[in-house]
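*Asks:* First residue of the sequence shown: 1, per the working numbering; consecutive thereafter. Quick one: the structure is below, and I'll ask about it shortly.
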Amino acid sequence: MDSLFLGGRIIELQAGNSPGIFSIHEDLLCATSERFKKQFQRNHKLIRDDCLIWSRKLVPQVEPLEYYRAGCGANMHEKCFEKWMEQHNLSCLDCQTISATNQDNAPHSSIAMLYHPNPDALRMYLA
1 MDSLFLGGRI IELQAGNSPG IFSIHEDLLC ATSERFKKQF QRNHKLIRDD CLIWSRKLVP
61 QVEPLEYYRA GCGANMHEKC FEKWMEQHNL SCLDCQTISA TNQDNAPHSS IAMLYHPNPD
121 ALRMYLA
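So, in structure tokens, the structure goes:
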């Protein structure tokens with residue numbers, strides 16, 4: 001398996017009424033599950049181009065990447081992305097979509113409630 005340099009977005013999952021909460025990096029979870037990819041990264045483009053801002057190759061094994069969640073899903077280096085968002089009022093360089101809030105792209109934890117999975121099966125999947 002290739003190594004991967006991960007950014008900072010962590011997802012916390014809770015299965016039904018189970019008291020346990022599972023924490024996992026969003027990119028790892030979505031890389032192995034179409035269901036989770038559709039739920040958490042539905043507009044994330046494949047990483048195959050240069051950074052829109054820095055015009056250098058995007059290499060997830062070397063440095064953290066981020067994508068524009070509120071619009072087209074364009075990929076950028078995480079540091080480039082953060083600087084661009086600060087300086088350009090949350091608008092995407094590629095599609096010009098303006099994010100309603102910085103929360104649309106914030107690299108923080110989010111909590112998802114899963115109502116149907118078996119907690120033991122989820123624990124095995126995430127282990």
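The beta carbon of each residue, even a glycine, is placed where N, CA and C say it ideally should be. In this text, all values refer to a predicted model and were calculated from it rather than measured experimentally.
1. For Ile-47, which residues from the same chain have a beta carbon less than 7 Å from its beta carbon, with the 5 sequence-adjacent residues on both sides left out?
2. Between which two residues does the beta strand (DSSP E) harbouring Glu-26 extend?
3. For Lys-37, collect the residues of the same chain with a Cβ closer than 6 Å to its Cβ; drop the 5 residues on either side in sequence, then sort them by chain order.
4. When you compare only the Cα positions, how much space is there between Glu-86 and Cys-80?
5. If we require 3 or more residues per run, which beta strand (DSSP E) segments fall completely within the stretch 9-71?
6. Tell me where the alpha helix (DSSP H) around Gln-87 begins and ends.
*Replies:* Well, looking at it:
1. Leu-58, Pro-60, Leu-65 and Asn-75
2. First-last for Glu-26: 26-31, but that is the alpha helix (DSSP H), not the beta strand (DSSP E).
3. Cys-30
4. 10 Å
5. 10-15, 21-25 and 65-67
6. 78-87
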